[in-house]
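Student:
Numbering (this note's numbering), first residue to last: 2 to 122.
Here is the structure:
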């Protein structure tokens with residue numbers, strides 16, 4: 002990744018965190034592979050299924066230079082345990098090591114009737 006990405010200052014200006022950079026660029030195989038992994042691992046929470054809850058969860062976090070996720074936060078959830086499930090799956094993602102911390106967010110959709118893990122029983 003080029004070093005001239007937009008950055009935001011934090012603290013006393015000693016630490017820089019890149020913002021608004023697609024984290025999929027740091028996932029082996031890119032965005033398609035990352036979302037394939039998420040779809041494979043995601044389990045529709047039973048309460049959300051029973052109540053036919055659907056929608057998008059948004060998980061924000063910082064990807065550190067060591068490749069680890071820090072400060073994971075559920076920004077938006079549908080309810081019925083969807084936010085916790087989305088956060089669980091994001092914690093499973095393995096990223097390449099960026100040159101500097103990256104603040105990002107990931108949307109994860111829960112839709113009933115999809116094939117795979119999200120199918121209504």
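Cβ coordinates follow ideal geometry from the N, Cα and C atoms, glycine included. This one's a predicted model, so the numbers in the text were calculated from it and none came from an experiment.
So for residue 32, helix, strand or coil by DSSP?
Tutor: Three-state result, residue 32: helix.
Student: Quick one: Cα of residue 36 to Cα of residue 109, how far?
Tutor: Taking the straight line joining both Cα atoms gives about 9 Å.
Student: Whose CA, out of 54, 53, 51, 73, lies closest to the CA of residue 60?
Tutor: Cα-wise, what sits closest to residue 60 is 73.
Student: Let's see if you can read the secondary structure: which residues bound the beta strand (DSSP E) around residue 110?
Tutor: Residues 103-111.
Student: Secondary structure at residue 114, three-state DSSP: helix, strand or coil?
Tutor: Residue state, collapsed to three classes: coil.
Student: Residues in the same chain with beta-carbon distance under 7 Å from residue 84, minus the five sequence neighbours each way, listed in chain order, please.
Tutor: Contacts found: 58, 75, 78.
Student: Tell me which residues share the same chain as residue 30 and place their Cβ nearer than 7 Å to its Cβ, disregarding the 5 neighbours each side in the sequence.
Tutor: Same-chain partners within the cutoff: there are none.
Student: Express the C-alpha separation of residue 65 and residue 102 in angstroms, rounding to a whole number.
Tutor: Each residue's alpha carbon lies about 4 Å from the other.
Student: Report the rounded CA-to-CA distance for residue 87 versus residue 100, giving the unit in angstroms.
Tutor: Answer to the nearest angstrom: the Cα atoms are 26 Å apart.
Student: With 16 other CB atoms within 10 Å as the buried threshold, where does residue 23 fall?
Tutor: Exposed is the call here.
Student: Taking the beta carbon of residue 113 as the centre, do at least 16 other beta carbons fall within 10 Å, making it buried, or is it exposed?
Tutor: Exposed, by the Cβ-count rule.
Student: Give the range of the alpha helix (DSSP H) segment to which residue 91 is assigned.
Tutor: Note, residue 91: alpha helix (DSSP H), 83-93.
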